[in-house]
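Taking our numbering, the leading residue of the sequence shown gets 432, the next gets one more, and so forth. All residues carry an ideal CB built from backbone N, CA and C; glycine is no exception. Note that the structure is a prediction, hence the values are computed from the model and not measured. Accompanying notes for the structure given below.
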Amino acid sequence: MTISVLIADDQAMVRAGFAALLDAHEGIHVVGQAATGAEAVTLSARVDPDVILMDVRMPELDGIEATRRILGPSYPAAHVPRILMLTTFDIDDYVYDALAAGASGFLLKDALPEELVHAVRVVAAGDALLAPSVTRRMIEQFAGRRPQGNRSSTALAELTDREREVLVLIGRGRSNTEIAADLFIAEQTVKTHVGKVLAKLQLRDRVHAVILAYDTGLVEPSS
């Protein structure tokens, strides 16, 4: 199956370079380019991409607000795309907000070509781009600056005690293998619990489970 990609960046040479790189790989096809966040929202609804490479900082409408609109309930396209945020700095104040808006990960603009291709494939497959340990470090950094309890803990009421334990460990950056060891259960059982947690809480992926764990106060920075 071919992965369709929309590139949103205000620098024409960046767009052209990414497009040439991705189109050169089998199974990936760039279906559009946008120079602003507003263009990204409009074009995404028209070309219906699988993945959007979204620059964080753009004129008219930044990448975060564009992400919110595309992933919002009024989005008119046939299916909701996965959004991979592009940023110049690995310590970017916008990264946490981008993930909270629904993005599935972020990538530095100076990443190696093979890293970009890998990121597109990972996100298109429905996985979050960030490894658990990286997720924890990044989320802690930005969650520590935000007011606690942004989301009501009632969102967790649907979880069983075991699923709640699994969510806590996801929030602390544990991999499935580590969670299995911590809880003395099989890794396949952990995968089942993780899937149920995501489904019950209507979360797109593991990154957003981490964000919810912090936002509800279930996990606190450095806990």
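Notebook entry, point to check: How many Å lie between valine 554 and phenylalanine 615 at the Cα?
Noted result: Within the sequence shown, numbered from 1, the residue matching residue 554 stands at position 123. Within the sequence shown, numbered from 1, the residue matching residue 615 stands at position 184. Within the model, the alpha-carbon separation for valine 554 versus phenylalanine 615 is close to 30 Å.
Notebook entry, point to check: Smallest Cα separation from histidine 510: which of Ile501, Ala532 and Gly604?
Noted result: As a working mapping, residue 510 is identified with position 79 in the sequence shown. With distances taken between CA atoms, histidine 510 lies nearest to Ile501 out of Ile501, Ala532 and Gly604.
Check: Where does proline 544 land, buried or exposed, given buried means 16+ other C-beta within 10 angstroms?
Finding: Position 113 of the sequence shown, counted from the start, is the residue given in the question as residue 544. Counting Cβ neighbours within 10 Å, proline 544 comes out exposed, since fewer than 16 surround it.
Margin query: Less than 6 Å between C-beta atoms, sequence neighbours within five positions excluded: which residues of the same chain meet that for valine 548?
Written below: Numbered from its first residue, the sequence shown carries residue 548 at position 117. The residues are His456.
Check: What residues in its chain sit with their C-beta under 7 Å from that of glycine 458, if we drop five residues either side in the sequence?
Finding: Within the sequence shown, residue 458 is the residue found at index 27, counting from 1. Taken in chain order, the residues that qualify are Thr433 and Ile434.
Next item on the list: Mark glycine 626 as exposed unless 16 or more other C-beta atoms lie within 10 angstroms of its C-beta, in which case mark it buried.
Entry: Stepping through the sequence shown from its first residue, residue 626 is reached at position 195. Taking a 10 Å sphere around the C-beta of glycine 626, we find fewer than 16 other C-beta atoms and assign the residue as exposed.
Item checked: Reference valine 604, options Ala588, Thr585 and His639, closest by Cα -> Mapped onto the sequence shown, residue 604 falls at position 173. What sits at residue 604 in the sequence shown is glycine, not valine. Put simply, of Ala588, Thr585 and His639 the residue whose alpha carbon is nearest the alpha carbon of glycine 604 is His639.
Margin query: Quick check for students: name the residue ranges of the alpha helix (DSSP H) that lie wholly in the region 473 to 505, counting only runs of 4 or more.
Written below: Counting whole runs of 4 or more residues, the region 473 to 505 contains the alpha helix (DSSP H) stretches 494 to 501.
Checklist line | Beta-carbon proximity check, valine 462 vs alanine 497, cutoff 7 Å | finding: Here residue 462 refers to the residue found at position 31 of the sequence shown. Here residue 497 refers to the residue found at position 66 of the sequence shown. Taking 7 Å as the cut-off, the Cβ atoms of valine 462 and alanine 497 do not count as close.
Check: How would you label aspartate 454, buried or exposed, when you count the other beta carbons within 10 angstroms and need 16 or more for buried?
Finding: In the sequence shown, counting from the first residue as 1, residue 454 sits at position 23. Under this definition aspartate 454 is an exposed residue.
Check: Using the beta-carbon count (16 or more within 10 Å), is methionine 430 buried or exposed?
Finding: Since the displayed the chain opens at 432 and closes at 654, residue 430 lies outside it and no answer follows.
Notebook entry, point to check: How should valine 619 be labelled, buried or exposed, when 16 other C-beta atoms within 10 angstroms of its C-beta is the threshold for buried?
Noted result: As a position in the sequence shown, residue 619 is number 188, starting the count at 1. Note on residue identity: the sequence assigns glutamine, not valine, to residue 619. Glutamine 619 comes out exposed.
Note to self: Just to confirm my understanding: we take alanine 465, look at its own chain, exclude 5 residues before and 5 after, and list those with CB closer than 6 Å. What are they?
What the structure shows: Taking the sequence shown and counting its residues from 1, one reaches residue 465 at position 34. Exclusion of the five residues before and after alanine 465 leaves Ala439, Ala471 and Leu474 as the residues of its chain whose Cβ lies within less than 6 Å of its Cβ.
Notebook entry, point to check: With 16 other CB atoms within 10 Å as the buried threshold, where does threonine 591 fall?
Noted result: The sequence position of residue 591 within the sequence shown is 160, counting from 1. The residue is exposed, with fewer than 16 neighbouring Cβ atoms inside 10 Å.
Checklist line | Beta-carbon spacing of leucine 452, leucine 484 below 7 Å | finding: Walking along the sequence shown from the start, residue 452 turns up at place 21. Walking along the sequence shown from the start, residue 484 turns up at place 53. Their beta carbons are not under 7 Å apart, which means leucine 452 does not touch leucine 484 by this criterion.
Next item on the list: Measure the alpha-carbon distance for leucine 492 versus threonine 467 and round it to whole angstroms.
Entry: Numbered from 1 along the sequence shown, position 61 holds the residue referred to as residue 492. Numbered from 1 along the sequence shown, position 36 holds the residue referred to as residue 467. Those two C-alpha atoms are separated by around 6 Å.
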